[in-house]
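Inspection log for the structure reproduced underneath, given as structure tokens.
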Amino acid sequence: MLNASATPGTGSSLMGEYAALVADAVLRQRAREAEHSARVEAELASKVKSEFISNMSHELRTPLNTVIGFAKLISECERRRLSGGQIVEYAGLIHDAATHLLAVINDILDISKMQSGKYTLDAREVQLPEILQSSLAAFGQNATDLGVSIESRFDPDVPAVRGDPGKLRQVFNSLISNSVKFTPPGGSVHVGASALPDGGAIVRIRDTGVGMTKEEIAVALTPFAQVDAGHSRWREGAGLGLPIAKALVQLHGGKLEIRSAKSLGTEVAVTLPSRFKVSILQGRDVVLGSGGHRDVSDGHHATRD
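Residue numbers (our numbering): 87 to 391.
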């Protein structure tokens, strides 16, 4: 007669071996997933790098070719018998190309600082109406030349906010410039500011321009991405203006939101808290908008609340 009783400890030994096998399988699966994730991330980084190099090559070479070409013409003015008016015209084109080139380089430097986590804010009390008036004055003549009217209305109770005046001006310059640029002759741009119940402020920039779909908004807020040719003006330059504007607003503890409809225009709403703990989003987060952040470690250029 066979004895069916198990040897003491055999059951627990088998269970232990089974648990070890399961744990090993889980670890192997996790390792495969981590390897796949790393490979996908590396491929994405390579693609972004390739697109960046291609885009930057165009954005840097085009104005440089303009500068070189017209500078050569001016240097040969006697042989070519250029008139004074032609020389002035060519000098103006050189100036415009160089200004565009400088703007592209500044955008690249801004993104580089954000990606390295070294972007700081010089926070102080800011009166938003003053910043907005400055931005409106900068683009008033351009709007007039394009046949676009600009209207503004600032509520008297708009509170002061804490922020970096230069960076906030950069945000509103970019947004107002886009609105003017994409509004056809006879259209209008309205800029308003009002108080929020929590003590913060909201700035709305609304235009009667070409408008965008939700998909085009997402593309417009993605660094280096390109929209279709019909709306390429949203991506003039290095394609960094709107992403940088959104990142700067986030660094101020605020939000930048875009509402738009094709052929009906666009409204950009920027909300800013009255006070915030100055922080720097991690490079990948601040550029791509995933929302992570860390505190500023150097208090010399950033005030904490």
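Ideal placement from N, C-alpha and C gives every residue a C-beta, glycine not left out. Quick caveat: nothing in here was measured; it's all calculated off a predicted structure.
Of 267, 257, 221, the smallest CA-CA separation from residue 232 is found for 267. Ranking 338, 356, 343, 354 by CA distance to the CA of residue 210 puts 338 first. Excluding residues up to 5 positions away in sequence, 221, 224 lie with their Cβ nearer than 7 Å to the Cβ of residue 259 in the same chain. With fewer than 16 other Cβ atoms from the protein chains shown falling within 10 Å of its own Cβ, residue 108 counts as exposed. In this chain, the alpha helix (DSSP H) harbouring residue 181 covers 170–202. Between residue 238 and residue 273, the CB-CB gap reaches or exceeds 9 Å. Annotation: residue 254 to residue 164 spans about 47 Å, alpha carbon to alpha carbon.
For the pair residue 183 and residue 153, the CB atoms are nearer than the 9 Å cut-off. With respect to the 9 Å criterion, residue 247 and residue 286 are classified as neighbours on the basis of their beta carbons. Just so you know, the alpha carbons of residue 230 and residue 297 end up roughly 21 Å apart. The DSSP-derived three-state label of residue 158 is helix.
With a cutoff of 9 Å on beta-carbon distance, residue 351 and residue 292 are scored as near each other. Under the DSSP assignment, residue 348 falls outside any alpha helix (DSSP H); it carries neither an H nor an E label. Burial of residue 302 is indicated by the presence of at least 16 other C-beta atoms within 10 angstroms of its C-beta. Looking from the CA of residue 327, the closest CA among 150, 147, 194, 244 belongs to 194.
Boundaries for residue 252: no beta strand (DSSP E) harbours it, while the alpha helix (DSSP H) harbouring it runs 251–267, taken from the DSSP string.
Taken through DSSP and simplified to helix, strand or coil, residue 358 comes out as strand. When DSSP states are grouped into helix, strand and coil, residue 293 belongs to the strand group. Within the DSSP bridge table, the entry for residue 276 names 237, 292 as partners. Under the DSSP assignment, residue 305 falls in the alpha helix (DSSP H) whose first and last residues are 300–306. Rounded to the nearest whole angstrom, the CA to CA distance from residue 354 to residue 189 is 22 Å. Taking the Cβ atoms as the reference, residue 157 lies roughly 6 Å from residue 180, within the contact range of under 8 Å.
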